[in-house]
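Student: The structure's right below; bear with me while I get my questions together.
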């Protein structure tokens with residue numbers, strides 16, 4: 001197993017660093033974390049790809065000749081590190097308990113800010129370590145909805161991830177079961193995976209009452225899924 005402890009964020013602003021130097025720093029950190037799992041060249045490729053995705057999604061348009069601010073560079077570098085780490089973890093993880101590989105369930109919705117976060121938290125509680133649980137969004141929002149956090153807290157749970165994560169091919173490839181909720185057309189299809197689509201009403205705009213209704217509906221579906229996986 002690789003040491004996938006998340007590298008500490010550099011508190012200093014990237015002042016005067018060239019793009020290549022910023023990406024080299026991220027690659028160096030991840031090369032240490034994944035020593036023995038991936039070559040530095042592979043990690044470098046992932047970092048470059050993730051940087052391109054992050055900048056295309058988050059970098060504000062620049063006028064000709066304008067350069068991004070040091071603070072923007074720091075934010076982009078931090079998000080690039082986090083995104084590359086998540087993708088590499090999905091490929092590297094192969095947990096074994098009692099001589100058997102631990103199955104993985106991936107919950108996916110559009111923003112990874114509501115339903116998929118709820119379902120993942122419910123499954124993680126029910127599985128009690130017998131299943132690895134992830135969640136992701138095809139177009140992640142900026143944060144988990146506050147009413148979702150509140151509804152989970154009412155039953156003693158919390159989101160499995162502090163921030164919404166982007167759906168990647170690696171996450172789908174690593175999963176044994178993929179549950180989509182309103183975004184099945186955006187989820188890659190690979191042979192040998194179990195796919196299900198769970199229609200539900202998004203809690204956005206419905207307040208805490210709507211979030212509770214979604215939580216309780218998902219709790220029933222998660223129990224059924226766990227039972228079908230022999231986790232009852």
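In the UniProt record's numbering, the protein residues as written are 1 to 232.
Glycine residues also receive a C-beta, built at the ideal position from the N, C-alpha and C atoms.
Quick caveat: nothing in here was measured; it's all calculated off a predicted structure.
Tell me whether residue 188 is buried or exposed, calling it buried when 16 or more other Cβ atoms sit within 10 Å of its Cβ.
Tutor: Locating residue 188 in the chain shown gives position 188, counting from the first residue. When all chains shown are included, residue 188 counts as exposed.
Student: When the Cβ atoms of the segment 139-149 are set against those of the segment 66-82, are three or more pairs found closer than 8 Å?
Tutor: Short answer: they don't touch.
Student: Can you find the residues in the same chain that come closer than 8 Å, C-beta to C-beta, to residue 194, ignoring five residues on each side of it along the sequence?
Tutor: Locating residue 194 in the chain shown gives position 194, where the first residue counts as 1. The residues are 176, 177 and 178.
Student: At 4 residues or longer, what runs of the alpha helix (DSSP H) sit wholly inside the UniProt domain "Phosphotyrosine protein phosphatase I" (103-228)?
Tutor: The UniProt domain "Phosphotyrosine protein phosphatase I" (103-228) contains these whole alpha helix (DSSP H) runs: 115-127, 146-153, 169-174 and 207-228.
Student: Using a C-beta cutoff of 8 Å, does residue 141 count as contacting chain B?
Tutor: In the structure shown, chain B cannot be found, because there is only a single protein chain.
Student: Nearest by alpha-carbon distance to residue 170: which of 56, 46 and 90 is it?
Tutor: Taking the first residue of the chain shown as position 1, residue 170 is located at position 170. It is 90.
Student: Rounded to a whole number of angstroms, what is the C-alpha to C-alpha distance between residue 185 and residue 196?
Tutor: What you label residue 185 is simply residue 185 of the chain shown in a count that begins at 1. What you label residue 196 is simply residue 196 of the chain shown in a count that begins at 1. Each residue's alpha carbon lies about 12 Å from the other.
Student: How is residue 87 classed by DSSP in three states: helix, strand or coil?
Tutor: As a position in the chain shown, residue 87 is number 87, starting the count at 1. Three-state DSSP puts residue 87 in a helix.
Student: Would you identify the three-state DSSP class for residue 101, choosing helix, strand or coil?
Tutor: By 1-based counting over the chain shown, the position of residue 101 is 101. Three-state DSSP puts residue 101 in a strand.
Student: Can you tell me where the alpha helix (DSSP H) with residue 21 in it begins and where it stops?
Tutor: If you number the chain shown from 1, residue 21 lands on position 21. Run containing residue 21: 19-33, per the alpha helix (DSSP H) assignment.
Student: Could you check what DSSP says for residue 9 in three-state terms: helix, strand or coil?
Tutor: Residue 9 sits at position 9 when you count from the first residue of the chain shown. In this prediction, residue 9 has a pLDDT of 41, which is less than 50 and means its spatial position is unreliable; what the coordinates show is noted afterwards. Residue 9: coil per DSSP, three-state reduction.
Student: Can you tell which of 126, 119 and 45 has its C-alpha closest to the C-alpha of residue 135?
Tutor: As a position in the chain shown, residue 135 is number 135, starting the count at 1. The shortest C-alpha separation from residue 135 is found at 119.
Student: With distances taken from CA atoms, which of 19, 57, 32 and 121 is nearest residue 48?
Tutor: Position 48 of the chain shown, counted from the start, is the residue given in the question as residue 48. That would be 19, whose Cα lies nearest to the Cα of residue 48.
Student: Distance, Cα to Cα, residue 190 vs residue 173?
Tutor: Numbered from its first residue, the chain shown carries residue 190 at position 190. Numbered from its first residue, the chain shown carries residue 173 at position 173. C-alpha separation (whole angstroms): 7 Å.
Student: Between residue 158 and residue 215, what straight-line distance do the alpha-carbon atoms span, to the nearest angstrom?
Tutor: Walking along the chain shown from the start, residue 158 turns up at place 158. Walking along the chain shown from the start, residue 215 turns up at place 215. Roughly 12 Å between the two C-alpha positions.
Student: Rounding to the nearest angstrom, what Cα-Cα distance links residue 213 and residue 149 in this structure?
Tutor: Residue 213 sits at position 213 when you count from the first residue of the chain shown. Residue 149 sits at position 149 when you count from the first residue of the chain shown. Each residue's alpha carbon lies about 14 Å from the other.
Student: Could you tell me the distance, in whole angstroms, from the CA atom of residue 85 to the CA atom of residue 22?
Tutor: Numbered from 1 along the chain shown, position 85 holds the residue referred to as residue 85. Numbered from 1 along the chain shown, position 22 holds the residue referred to as residue 22. Computed Cα separation, rounded: 15 Å.
Student: Leaving out the 5 sequence neighbours to the left and right, which residues in its chain are closer than 6 Å to residue 44 when beta-carbon positions are compared?
Tutor: The residue you call residue 44 lines up with position 44 of the chain shown. Same-chain partners within the cutoff: 27.
Student: Is residue 61 helix, strand or coil by DSSP?
Tutor: Taking the chain shown and counting its residues from 1, the one referred to as residue 61 is at position 61. Three-state DSSP puts residue 61 in coil, outside helix and strand.
Student: Take residue 80 and list the residues in its own chain whose beta-carbon comes closer than 7 Å to its own, dropping the five residues that flank it on each side.
Tutor: Counting from 1 along the chain shown, the entry for residue 80 is found at position 80. Once the five neighbours on either side are set aside, the close Cβ partners of residue 80 are 26, 47, 50, 51 and 54.
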